[in-house]
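Below is one structure, written out as structure tokens; comments come after it.
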Amino acid sequence: MYESKKDISTENILLKELIQLKDSLYNVENQKQLNRLFTEFETEKKELEIKNLKITQEEEQKRNRLVFGFFVLGIILLILFLLCVVNRYRIIRNQKIKIEEQKKVVEVKNKEILDSINYASIIQRALITEERKIKEFILKKLHLSDYFIFFKPKDVVSGDFYWATSTENGFYLAVCDSTGHGVPGAFMSLLNINLLNEAINVRGLEMPNEIFSFIRQQLIQNISHVEEKKDGMDGTLFYFQYNNNYANLYTSAFNAPLIIRNKEMVFLDCDRIPVGKSDRDDEFSLFTIKLRKDDWLYAFSDGFSDQFGGKDKKRLKKKAFYSLLADISIYSGEVQKQKLQQFLSQWMEGEEQVDDILIVGIKA
Numbered sequence: 060m061y062e063s064k065k066d067i068s069t070e071n072i073l074l075k076e077l078i079q080l081k082d083s084l085y086n087v088e089n090q091k092q093l094n095r096l097f098t099e100f101e102t103e104k105k106e107l108e109i110k111n112l113k114i115t116q117e118e119e120q121k122r123n124r125l126v127f128g129f130f131v132l133g134i135i136l137l138i139l140f141l142l143c144v145v146n147r148y149r150i151i152r153n154q155k156i157k158i159e160e161q162k163k164v165v166e167v168k169n170k171e172i173l174d175s176i177n178y179a180s181i182i183q184r185a186l187i188t189e190e191r192k193i194k195e196f197i198l199k200k201l202h203l204s205d206y207f208i209f210f211k212p213k214d215v216v217s218g219d220f221y222w223a224t225s226t227e228n229g230f231y232l233a234v235c236d237s238t239g240h241g242v243p244g245a246f247m248s249l250l251n252i253n254l255l256n257e258a259i260n261v262r263g264l265e266m267p268n269e270i271f272s273f274i275r276q277q278l279i280q281n282i283s284h285v286e287e288k289k290d291g292m293d294g295t296l297f298y299f300q301y302n303n304n305y306a307n308l309y310t311s312a313f314n315a316p317l318i319i320r321n322k323e324m325v326f327l328d329c330d331r332i333p334v335g336k337s338d339r340d341d342e343f344s345l346f347t348i349k350l351r352k353d354d355w356l357y358a359f360s361d362g363f364s365d366q367f368g369g370k371d372k373k374r375l376k377k378k379a380f381y382s383l384l385a386d387i388s389i390y391s392g393e394v395q396k397q398k399l400q401q402f403l404s405q406w407m408e409g410e411e412q413v414d415d416i417l418i419v420g421i422k423a
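Following the working numbering, the numbering of the sequence shown begins with 60 at its first residue and continues without gaps.
Quick look at the structure:
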């Protein structure tokens, strides 16, 4: 019986050991499996990390390549821009150099032209009779009371001119408007002055109508045959005879003279033909004027009455001009000259002068 119990106890021990062994084996197997799973997990984790790292590196490389590409493109564009700027600078510099060279050429040409114009002005002033001599003849030889000359060229030289000369029998005074103004008008005025001098002092012509006829003939023969140009002049030539008790002769082409008598207008006659080539070949008329004491005799070009100005920027016109002369006729010649200048300045109000202006006034 004792032996039997002993055997049972041994079996129990063996069974326990067997169970323990089985458990140990199971634990070992589980541990191995866990280790394998852990190893696989770690492996996959590392592979995933490597993959993610690779993706990150590839994206970083792409980004770097893109940034580099933009950088290179920016450098290229900057270089192109700088090349354009440099090229444009060279073009502008070359243009500026050419402009400066052209400017110098133009300045030289302008100086030459201006010098020529100034020289022409000197010649014109030399040919136009000195006002001192006109004053001497009017006041001392003709025993007239007063006078003034209002002369305002549009440019340095003028197409308008006044000219005077004397002979044994009397005193001639021309108040004329040559074709054009500026340089062309000045050359015409020089020619007309020369022809006046030739007619009176060389050929000995006496009557104003004969003198104008001679000048017209010379202009047609020497100038107007070229391209049928109608160059010449309008104006009035007075012939004040000595000791004639204010009875004088004149010839007028277009611009008729005017007498202001006690602020009343006395309109004088004129021929409606120029001193030069025209469609009419009528003979010039010889007119007589008999001045009364204190009469003002005016001769003028059309420059003053043709001037634009006033509120409406229109021409002054002859009617307003004649009224102005009547209003200022109560003053001395010097004051009339000042008032004409004041009126003209106010009338123009910044407008450019359109033509030469010449007004001569003589008081009986």
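C-beta atoms are modelled at their ideal positions from N, C-alpha and C, and glycine is treated no differently.
None of these values were measured; they are calculated from a predicted model.
Legend entry - Nearest candidate by alpha-carbon position, reference Ser311, set Ile114, Ile348, Val215: Here residue 311 corresponds to residue number 252 of the sequence shown, with the count starting at 1. Taking only the C-alpha atoms, the option nearest Ser311 is Ile348.
Inset, instruction - Can you have a look at His450 and say buried or exposed, based on whether 16 or more other CB atoms are within 10 angstroms of its CB? - result: No answer is possible for residue 450: it lies beyond the span of the chain, which begins at 60 and ends at 423.
Inset, instruction - Have a look at Gly239, Gln116, Ile187 and flag the residue whose alpha-carbon is nearest the alpha-carbon of Gly362. - result: In the sequence shown, residue 362 corresponds to position 303, counting from 1. Checked all of Gly239, Gln116, Ile187; the closest Cα to Gly362 is Gly239.
Legend entry - Whether Ile187 touches Tyr221 by CB criterion (8 angstroms): In the sequence shown, the residue the question calls residue 187 occupies position 128. In the sequence shown, the residue the question calls residue 221 occupies position 162. Yes.
Legend entry - Where Ile418 sits in the DSSP three-state scheme: Locating residue 418 in the sequence shown gives position 359, where the first residue counts as 1. Correct three-state label for Ile418: strand.
Legend entry - CA-to-CA distance, Ala245 to Glu323, given in whole angstroms: As a working mapping, residue 323 is identified with position 264 in the sequence shown. As a working mapping, residue 245 is identified with position 186 in the sequence shown. Straight-line Cα distance between these residues: approximately 35 angstroms.
Legend entry - Three-way DSSP call (helix, strand, coil) for Ala179 in this model: In the sequence shown, counting from the first residue as 1, residue 179 sits at position 120. If DSSP states are grouped into helix, strand and coil, Ala179 belongs with the helices.
Legend entry - Own chain partners of Ile252 with C-beta closer than 6 angstroms, once the 5 adjacent residues on each side are dropped: If you number the sequence shown from 1, residue 252 lands on position 193. Excluding positions up to five away in sequence, the list reads Leu186, Trp222.
Legend entry - Local Cβ density within 10 Å of Ser404, reported as buried at 16 or more and exposed below that: Numbered from 1 along the sequence shown, position 345 holds the residue referred to as residue 404. The residue is exposed, with fewer than 16 neighbouring Cβ atoms inside 10 Å.
Legend entry - DSSP state of Leu73 mapped onto helix, strand, coil: Taking the sequence shown and counting its residues from 1, the one referred to as residue 73 is at position 14. Looking at Leu73 - three-state DSSP - the assignment turns out to be helix.
Inset, instruction - Examine the Cβ distances between the region 331-345 and the region 399-415 and report whether three or more of them are shorter than 8 angstroms. - result: no
Inset, instruction - Let me know the secondary structure DSSP gives Val216 once reduced to three states. - result: Position 157 of the sequence shown holds residue 216. Three-state result, Val216: coil.
Legend entry - Which listed residue (Gln280, Asp415, Gln90, Arg351) has its alpha carbon closest to that of Gly241: The residue labelled residue 241 in the question sits at position 182 within the sequence shown. Minimum Cα distance to Gly241 is reached at Asp415.
Legend entry - Strand pairing of Ser225, partner residues [DSSP]: Position 166 of the sequence shown, counting from 1, holds the residue named residue 225. In DSSP, Ser225 forms a bridge with Phe230.
Inset, instruction - Helix, strand or coil for Thr238, going by three-state DSSP, please let me know. - result: For the purposes of this step, residue 238 is taken as residue 179 along the sequence shown, with counting starting at 1. The answer is coil: DSSP assigns Thr238 none of H, G, I, E or B.
Legend entry - Straight-line gap, Lys372 to Leu384 (C-alpha atoms, nearest Å): Against the sequence shown, residue 372 aligns to sequence position 313. Against the sequence shown, residue 384 aligns to sequence position 325. Whole-angstrom Cα-Cα distance: 21 angstroms.
Inset, instruction - Please name the residue in Leu107, Gln366, Arg320 whose C-alpha comes closest to that of Lys422. - result: Here residue 422 is taken as the residue at index 363 of the sequence shown, counted from 1. Of the candidates Leu107, Gln366, Arg320, the one whose C-alpha sits nearest the C-alpha of Lys422 is Arg320.
Legend entry - Inter-residue Cα distance where the pair is Val413 and Leu232: Counting from one through the sequence shown, the residue named residue 413 turns up at place 354. Counting from one through the sequence shown, the residue named residue 232 turns up at place 173. Rounded to whole angstroms, Val413 to Leu232 spans 25 angstroms at the Cα level.
Legend entry - Segment limits, beta strand (DSSP E) that includes Asn307: One-based indexing of the sequence shown puts residue 307 at position 248. Per DSSP, Asn307 belongs to the beta strand (DSSP E) from 306-312.
Legend entry - Those residues which DSSP pairs with Phe297 across a bridge: On the sequence shown, residue 297 is found 238 positions in, with the first residue counted as 1. Answer is Leu232, Tyr309, bridged to Phe297.
Inset, instruction - Could you work out which residue in Lys377, Lys91, Gln300 is closest to Lys200 when comparing CA atoms only? - result: On the sequence shown, position 141 is the one that residue 200 refers to. If we check each option's Cα against that of Lys200, Gln300 comes out closest.
Inset, instruction - Take Asn260 and list the residues in its own chain whose beta-carbon comes closer than 7 angstroms to its own, dropping the five residues that flank it on each side. - result: Taking the first residue of the sequence shown as position 1, residue 260 is located at position 201. The residues are Thr224.
Inset, instruction - Please report how far the alpha carbon of Gln280 lies from the alpha carbon of Asp236, in whole angstroms. - result: By one-based count along the sequence shown, residue 280 stands at place 221. By one-based count along the sequence shown, residue 236 stands at place 177. Each residue's Cα considered, the two are about 20 angstroms apart.
Legend entry - Beta-carbon separation (whole angstroms), Ser360 vs Leu417, contact threshold 8 angstroms: Indexing the sequence shown from 1 puts residue 360 at position 301. Indexing the sequence shown from 1 puts residue 417 at position 358. Indeed, because the Cβ distance is near 5 angstroms, the residues count as touching under 8 angstroms.
Legend entry - Leu139 to Val164 span [Cα, whole Å]: Sequence index remark: in the sequence shown, residue 139 carries index 80 (1-based). Sequence index remark: in the sequence shown, residue 164 carries index 105 (1-based). So the two alpha carbons sit approximately 37 angstroms from each other.
Inset, instruction - Whole angstroms is fine: what's the gap from Phe100's alpha carbon to Leu137's? - result: Numbered from its first residue, the sequence shown carries residue 100 at position 41. Numbered from its first residue, the sequence shown carries residue 137 at position 78. C-alpha separation (whole angstroms): 54 angstroms.
Legend entry - Burial state of Thr102, where buried means 16 or more other Cβ atoms lie within 10 Å: Walking along the sequence shown from the start, residue 102 turns up at place 43. It is exposed - the Cβ of Thr102 has fewer than 16 other Cβ atoms within 10 Å.
Legend entry - Collapsed DSSP secondary structure at Arg320 in the structure displayed: Numbered from its first residue, the sequence shown carries residue 320 at position 261. In the structure shown, Arg320 sits in a strand (DSSP, three-state: E or B).
Legend entry - Terminal residues of the alpha helix (DSSP H) in which Asp386 lies: As a first step, residue 386 must be located in the sequence shown, where it is residue number 327. Its alpha helix (DSSP H) spans residues 377-387.
Inset, instruction - Confirm, please, whether the CB-CB distance from Leu278 to Val290 is below 8 angstroms. - result: Locating residue 290 in the sequence shown gives position 231, where the first residue counts as 1. Locating residue 278 in the sequence shown gives position 219, where the first residue counts as 1. Sequence inspection shows Asp at residue 290; the Val mentioned does not correspond to that position. Against a cut-off of 8 angstroms, the Cβ pair of Leu278 and Asp290 comes out as a contact.
Inset, instruction - Using three-state DSSP, classify Met266 as helix, strand or coil. - result: Here residue 266 corresponds to residue number 207 of the sequence shown, with the count starting at 1. Looking at Met266 - three-state DSSP - the assignment turns out to be coil, as it is neither helix nor strand.
Legend entry - Secondary structure of Phe343, DSSP reduced to three states: Locating residue 343 in the sequence shown gives position 284, counting from the first residue. Note: Phe343 maps to coil in three-state DSSP.
Legend entry - According to DSSP, residues forming a beta bridge with Ile348: Within the sequence shown, numbered from 1, the residue matching residue 348 stands at position 289. Answer is Asn307, bridged to Ile348.
Inset, instruction - Ignore the nearest five residues each way along the sequence and tell me which others in Asp341's own chain have a CB closer than 8 angstroms to its CB. - result: The count along the sequence shown starts at 1 and reaches residue 341 at position 282. The answer, listed in chain order, is Asp330, Ile332.
Inset, instruction - Compute the distance between the beta-carbons of Val419 and Ala358, then report whether it is under 8 angstroms. - result: For this step, residue 419 is matched to residue 360 along the sequence shown. For this step, residue 358 is matched to residue 299 along the sequence shown. The answer is yes: Cβ separation under 8 angstroms.
Inset, instruction - Ignore the nearest five residues each way along the sequence and tell me which others in Gln395's own chain have a CB closer than 7 angstroms to its CB. - result: Walking along the sequence shown from the start, residue 395 turns up at place 336. Within the same chain, Gln395 has close Cβ partners Phe207, Ile387, Gly420.
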